[in-house]
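*Asks:* Structure incoming, see below.
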Amino acid sequence: RQGLWEKALEVLNIITQHGFEAFIIGGAVRDFHLRRRIHDVDIATSASVDEMKTMFPKAKQLSKHFPTCLVIYQQEAFEVTTYRSENKTLTADLLHRDFTMNAMAIDRKTAIIDPFGGKTDIKQQIIRSVEPAKRFKEDPLRMIRAVRFMAQLDFSIEPGTHECLLKHRPLLEQLPAERVQAECGKLLMGDDHRDALTYLFCCDIPAFFPKAIRPVSIHARKHSYNYDMQPLITAEERWAAFLWLLYGKEAKQMPKKWRFSNRDKQKLIVILSFAEAYPETIPWNKQLIYQTGLTLALQVERLHQWLYDHTKKERFVYIQSVYRTLPITSREELRINGKDILATVPLIKKEKIGDVLRQLEHKVVEGSVKNDRQELVTFVKEKLHNER
Ligand code: ATP
Ligand code: MG
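As numbered in UniProt numbering, the sequence shown has no gaps in its residue numbers, which increase by one up to the final residue, 391.
Next up, the structure:
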């Protein structure tokens, strides 16, 4: 983003003028060297949270358990964290980071501090931990982060780090599912997810996932599988593919255990249900497309074609054209609502109203009743009259 880097350097200047140390650290320094787009800039400082609040009165501590403040400077947000180490030095802070490429700092004059050879490793495209055994024991998530960075950066894991990862895989069990989810999501969206997934499965890493999300057996699937998710566009589609890969027909039960938000959970369940219900082709028609909605229907179809290995562009065109001709795209577009029905037939049982609306939707989508207030009212009256 334009000016992001310059503004970050100004924040460093302000902190330094108050007599503290401050550096840009972590992913931003790595991405700067890789000439990749920088999406956010994190800052480490010798100043405490209280001292930050003196320098930046509007700074907010993000969690009371962690000395990170959100500092807004000229409309840009920066996470400023007190050195994460007891003796409060930059080098000690960097030592606690996951990989050499993430353990560099840049000062306000853009001089680079690189005590562990991160720059060389970046040049050689290597993911290396200085003390992998110690680092992986401290936080097993780092093992999955390594694979995630493979997917994002097309780097490989240095042999010593790899050996150590194999040895310490069982520690993954202790992780909360949501942390694993966050890293796997980034992995799946990475340009080089194919190599990363191959690595993940070859090393049998999912066999050491926390109990709740551990697949029973992926052995039969792992060698014959297509890890190239390029044709899948959205995160939901890739997640559905990944869950299918891990759990096969049990996949539908898994979004909950992976702790997805309710919204994502619902979408994933729909996509996976279609995959399970239709091993051949999905019999799209007006009703099915209406109920699924355009975006989700296209996602469903994309995953389906990928899973069952057929490419039929015309099916996307078909879904879109049917959707375009639908008289309504949601219940809200019906020219009648629950209140109207109650006014038309005051004696109707309240629990029946939903039923009537569903039937109206069906008729209107089918085209046998027009979405016209008068016609809808007439239909409701006749229908309920016949039912008496
Ligand atoms: P991204 O571009 O995805 O944000 P990132 O490197 O910034 O990548 P974050 O998860 O945002 O990754 O973490 C920021 C920095 O904090 C990392 O670069 C790393 O130095 C450090 N870090 C994050 N998580 C860990 C961890 N589990 N163990 C050690 N260091 C970590
Ligand atoms: Mg980051």
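Virtual Cβ for every residue (Gly too), placed ideally from N, Cα, C.
#1: Starting from glycine 293 and walking both ways along the alpha helix (DSSP H), at which residues does that stretch end?
#2: Report the rounded CA-to-CA distance for leucine 169 versus glutamate 279, giving the unit in angstroms.
#3: Any beta carbon from chain C within less than 9 Å of proline 70's own beta carbon?
#4: Can you find a heavy atom of the ligand ATP that lies under 8 Å from the Cβ of glycine 30?
#5: Sort Val133, Leu156, Leu12 and Pro70 by Cα distance to arginine 40 and report the nearest one.
#6: At a threshold of 8 Å, does alanine 106 count as lining the ligand ATP (C-beta to nearest heavy atom)?
#7: Should the region 187-202 be called in touch with the region 268-285, which here means at least 3 C-beta pairs below 8 Å?
#8: Less than 8 Å between C-beta atoms, sequence neighbours within five positions excluded: which residues of the same chain meet that for glutamate 239?
#9: What span of residues does the alpha helix (DSSP H) with aspartate 34 cover, start to end?
#10: Taking cysteine 187 as part of the beta strand (DSSP E), name the residues at either end of that continuous run.
#11: Using only the alpha-carbon positions, how far apart do leucine 363 and valine 372 sit?
#12: Is arginine 148 closer than 9 Å to phenylalanine 102 when the C-beta atoms are compared?
#13: Look up serine 132 in the DSSP assignment and say whether it is helix, strand or coil.
#14: Could you tell me if the beta carbon of aspartate 101 falls within a distance shorter than 8 Å of some heavy atom in the ligand ATP?
#15: May I have the straight-line CA-CA distance separating isoleucine 292 from phenylalanine 263, to the nearest angstrom?
#16: I'd like to confirm the pairing. Which residues does DSSP put opposite cysteine 72 in its beta bridges?
#17: Answer yes if the region 338-348 comes into contact with the region 304-311, meaning at least three C-beta pairs across the two stretches below 8 Å, and no otherwise.
#18: Report yes or no: do three or more beta-carbon pairs, one from the region 79-93 and one from the region 44-54, lie closer than 8 Å?
#19: Around the C-beta of lysine 288, are 16 or more other C-beta atoms found within 10 angstroms, so that it is buried, or is it exposed?
#20: Restricting to Cα atoms, I'd like to know which of Val383, Ile17, Pro162 and Cys206 is closest to proline 173.
#21: Do aspartate 343 and the ligand MG come close, with the Cβ less than 8 Å from some heavy atom?
#22: Please classify tyrosine 326 as buried or exposed, where buried requires at least 16 neighbouring CB atoms within 10 angstroms.
#23: For residue 2, which of Val133, Ala185 and Glu9 has the nearest alpha-carbon?
#24: At what residues does the alpha helix (DSSP H) containing aspartate 198 begin and finish?
#25: In angstroms, rounded to a whole number, what distance separates the CA positions of residue 392 and isoleucine 27?
#26: Give the C-beta separation of threonine 94 and proline 70 to the nearest angstrom, bearing in mind that I take them to be a contact with Cβ-Cβ under 8 Å.
#27: Let me confirm a value: aspartate 194 is counted as buried when at least 16 other C-beta atoms fall within 10 Å, else exposed. Which label applies?
#28: Going by the C-beta, is histidine 313 closer than 8 Å to any heavy atom of the ligand NAD?
#29: For glutamate 186, count the other beta carbons within 10 Å of its own beta carbon; 16 or more makes it buried, fewer makes it exposed. Which is it?
#30: Aspartate 358: which of Arg334, Asp375, Tyr228 and Asp110 sits nearest, CA to CA?
#31: Bridge partners of threonine 48, per DSSP?
#32: Ordered along the chain, which non-local residues of its own chain (more than five positions away) have a Cβ less than 7 Å from that of aspartate 124?
#33: Going straight from the alpha carbon of phenylalanine 211 to that of histidine 165, what length do you get?
#34: In the structure shown, what three-state DSSP assignment does isoleucine 41 receive?
#35: Within its chain, find whatever has a CB closer than 7 Å to the CB of histidine 21; leave out the 5 residues flanking it on each side and keep chain order.
#36: Less than 9 Å between the beta carbons of alanine 254 and proline 213, yes or no?
*Replies:* With the given structure in hand:
#1: In the sequence shown, the residue the question calls residue 293 occupies position 290. The question names glycine, yet the displayed sequence has tyrosine at residue 293. Counting along the chain, the alpha helix (DSSP H) containing tyrosine 293 begins and ends at 289-295.
#2: Start at 1 with the first residue of the sequence shown, and residue 169 comes out as number 166. Start at 1 with the first residue of the sequence shown, and residue 279 comes out as number 276. Leucine 169 and glutamate 279: Cα-Cα distance of roughly 33 Å.
#3: Note that chain C does not occur in the displayed structure, where there is just one protein chain.
#4: The residue given as residue 30 occupies position 27 in the sequence shown. Yes - the ligand ATP has a heavy atom lying nearer than 8 Å to the Cβ of glycine 30.
#5: On the sequence shown, residue 40 is found 37 positions in, with the first residue counted as 1. The candidate whose alpha carbon is nearest that of arginine 40 is Leu156.
#6: As a working note, residue 106 is residue 103 in the sequence shown. For the ligand ATP, at least one heavy atom lies less than 8 Å from the Cβ of alanine 106.
#7: no
#8: Position 236 of the sequence shown, counted from the first residue, corresponds to residue 239. So the list reads Asp267, Lys270, Leu271, Ile274 and Gln302, once near-sequence residues are dropped.
#9: The residue you call residue 34 lines up with position 31 of the sequence shown. Run containing aspartate 34: 30-36, per the alpha helix (DSSP H) assignment.
#10: What you label residue 187 is simply residue 184 of the sequence shown in a count that begins at 1. From DSSP, cysteine 187 is part of no beta strand (DSSP E) but of the alpha helix (DSSP H) over 180-192.
#11: Within the sequence shown, residue 363 is the residue found at index 360, counting from 1. Within the sequence shown, residue 372 is the residue found at index 369, counting from 1. Cα-Cα distance, rounded: 8 Å.
#12: Position 99 of the sequence shown holds residue 102. Position 145 of the sequence shown holds residue 148. Cβ atoms of phenylalanine 102 and arginine 148: closer than 9 Å.
#13: Taking the first residue of the sequence shown as 1, we reach residue 132 at position 129. If DSSP states are grouped into helix, strand and coil, serine 132 belongs with coil.
#14: The residue you call residue 101 lines up with position 98 of the sequence shown. Aspartate 101 Cβ: within cutoff of the ligand ATP.
#15: Within the sequence shown, residue 292 is the residue found at index 289, counting from 1. Within the sequence shown, residue 263 is the residue found at index 260, counting from 1. Going by the C-alpha atoms only, they are around 25 Å apart.
#16: Walking along the sequence shown from the start, residue 72 turns up at place 69. BP columns for cysteine 72 point to Gln64 and Val83.
#17: no
#18: yes
#19: Taking the first residue of the sequence shown as 1, we reach residue 288 at position 285. Checking the sequence, you will find asparagine at residue 288 rather than lysine. When all chains shown are included, asparagine 288 counts as exposed.
#20: Here residue 173 refers to the residue found at position 170 of the sequence shown. Proline 173 has its Cα closest to that of Cys206, out of Val383, Ile17, Pro162 and Cys206.
#21: As a first step, residue 343 must be located in the sequence shown, where it is residue number 340. Answer for aspartate 343: no, Cβ out of range of the ligand MG.
#22: Counting from one through the sequence shown, the residue named residue 326 turns up at place 323. Burial call: buried.
#23: Because the chain here runs from 4 to 391, residue 2 falls outside it and cannot be looked at.
#24: Indexing the sequence shown from 1 puts residue 198 at position 195. Where aspartate 198 is concerned, the enclosing alpha helix (DSSP H) stretches over 196-205.
#25: Past the boundaries of the shown model lies residue 392; the chain is included only from 4 to 391, so the question cannot be answered.
#26: Residue 94 sits at position 91 when you count from the first residue of the sequence shown. Residue 70 sits at position 67 when you count from the first residue of the sequence shown. In fact, because the Cβ distance is near 18 Å, the residues do not count as touching under 8 Å.
#27: In the sequence shown, residue 194 corresponds to position 191, counting from 1. Exposed is the call here.
#28: Although the ligand NAD was asked about, the structure shown includes only the ligand ATP and the ligand MG as ligands.
#29: If you number the sequence shown from 1, residue 186 lands on position 183. With 16 or more Cβ atoms within 10 Å of its Cβ, glutamate 186 is classed as buried.
#30: As a working note, residue 358 is residue 355 in the sequence shown. Taking only the C-alpha atoms, the option nearest aspartate 358 is Arg334.
#31: Your numbering for residue 48 matches position 45 in the sequence shown. Its beta-bridge partners are Ala25 and Thr85.
#32: For this step, residue 124 is matched to residue 121 along the sequence shown. Closer than 7 Å at Cβ, skipping near neighbours: Thr103, Met104 and Arg131.
#33: Taking the sequence shown and counting its residues from 1, one reaches residue 211 at position 208. Taking the sequence shown and counting its residues from 1, one reaches residue 165 at position 162. So the two alpha carbons sit approximately 16 Å from each other.
#34: The residue you call residue 41 lines up with position 38 of the sequence shown. Coil at isoleucine 41, not helix or strand.
#35: Translated into positions along the sequence shown, residue 21 becomes position 18. If we look at histidine 21 and ignore the five residues flanking it on each side, its Cβ neighbours are Met58.
#36: The residue given as residue 254 occupies position 251 in the sequence shown. The residue given as residue 213 occupies position 210 in the sequence shown. Going by C-beta atoms, alanine 254 is not nearer than 9 Å to proline 213.
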